[in-house]
DNA sequence: GCCAACGTTGGC
DNA sequence: GCCAACGTTGGC
């Protein structure tokens with residue numbers, strides 16, 4: 002089973018928004034980065050676990066755990082001219098962008114902040130999150146990194 | 001609000 | 001194919 006990290010801005014879609022969905026499940030739409038797309042499309046399986054990370058907020062950090070509930074399928078928001086993530090180059094017959102469904106497993110007892118993860122960057126090896134200038138919105142987390150980060154909770 | 005880092009676009 | 005210009009991300 003693989004592990005992942007999903008970034009989202011809580012002002013747009015935070016963990017409490019996911020918690021409010023039916024079955025605490027929603028699709029992860031709006032990814033418009035090829036590397037992040039490829040992780041979803043090619044490597045995510047139902048049952049994989051991921052961290053839910055709040056970005057672009059007062060205290061950025063990991064706030065919860067989600068589970069992949071559906072494998073990648075076409076991101077329909079790319080087909081909607083009214084949608085902020087509209088991409089005319091994505092064709093319904095040959096979609097460019099994909100999304101998975103994620104289900105909330107639980108919220109963490111506390112936020113594991115980016116600041117403390119950065120303090121421990123030496124222990125987190127190649128985790129893109131703690132590297133300068135990183136903008137990747139979906140990234141793989143190794144088993145070791147996963148356990149280590151959870152142990153901080 | 002600022003701005004560094006990054007990915008994408010498009011002219012050549 | 002190169003690379004400057006541009007738009008976006010996201011920490012601070």
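Residue numbers (my numbering): 2 to 154. The beta carbon of each residue, even a glycine, is placed where N, CA and C say it ideally should be. In this text, all values refer to a predicted model and were calculated from it rather than measured experimentally.
query: Since residue 104 is in the alpha helix (DSSP H), which residue starts that stretch and which ends it?; result: Run containing residue 104: none in the alpha helix (DSSP H); it sits in the beta strand (DSSP E), 99-114.
query: Assuming residue 56 and residue 9 make a contact with CB atoms under 8 Å, what is their CB distance in whole Å?; result: 7 Å
query: What residue does the alpha helix (DSSP H) around residue 17 start on, and which one ends it?; result: 16-20
query: Taking C-alpha atoms, which residue in 150, 52, 38 and 51 lies nearest to residue 121?; result: 150
query: Quick check: residue 106 and residue 69, are their CB atoms within less than 8 Å of each other?; result: no
query: With distance defined between alpha-carbon atoms, name the residue in 135, 7, 117 and 119 nearest to residue 51.; result: 7
query: For residue 49, which three-state DSSP category applies?; result: coil
query: Can you check DSSP and say which residues form a bridge with residue 119?; result: Residue 119 pairs with nothing; no bridge assigned.
query: Rounded to whole angstroms, what's the CA-CA distance from residue 20 to residue 26? Just pull it up for me.; result: 8 Å
query: Please name the residue, chosen from 131, 63, 23 and 74, that lies closest to residue 31 on a Cα-to-Cα basis.; result: 74
query: Just the C-alpha distance for residue 148 and residue 109, rounded to the nearest angstrom, thanks.; result: 14 Å
query: Around the C-beta of residue 79, are 16 or more other C-beta atoms found within 10 angstroms, so that it is buried, or is it exposed?; result: buried
query: How far does the beta strand (DSSP E) with residue 153 in it extend, from its first residue to its last?; result: No beta strand (DSSP E) contains residue 153, which DSSP labels as neither H nor E.
query: Work out the CA separation of residue 93 and residue 58 for me, nearest whole Å.; result: 34 Å
query: Under 8 Å between the Cβ atoms of residue 44 and residue 98?; result: no
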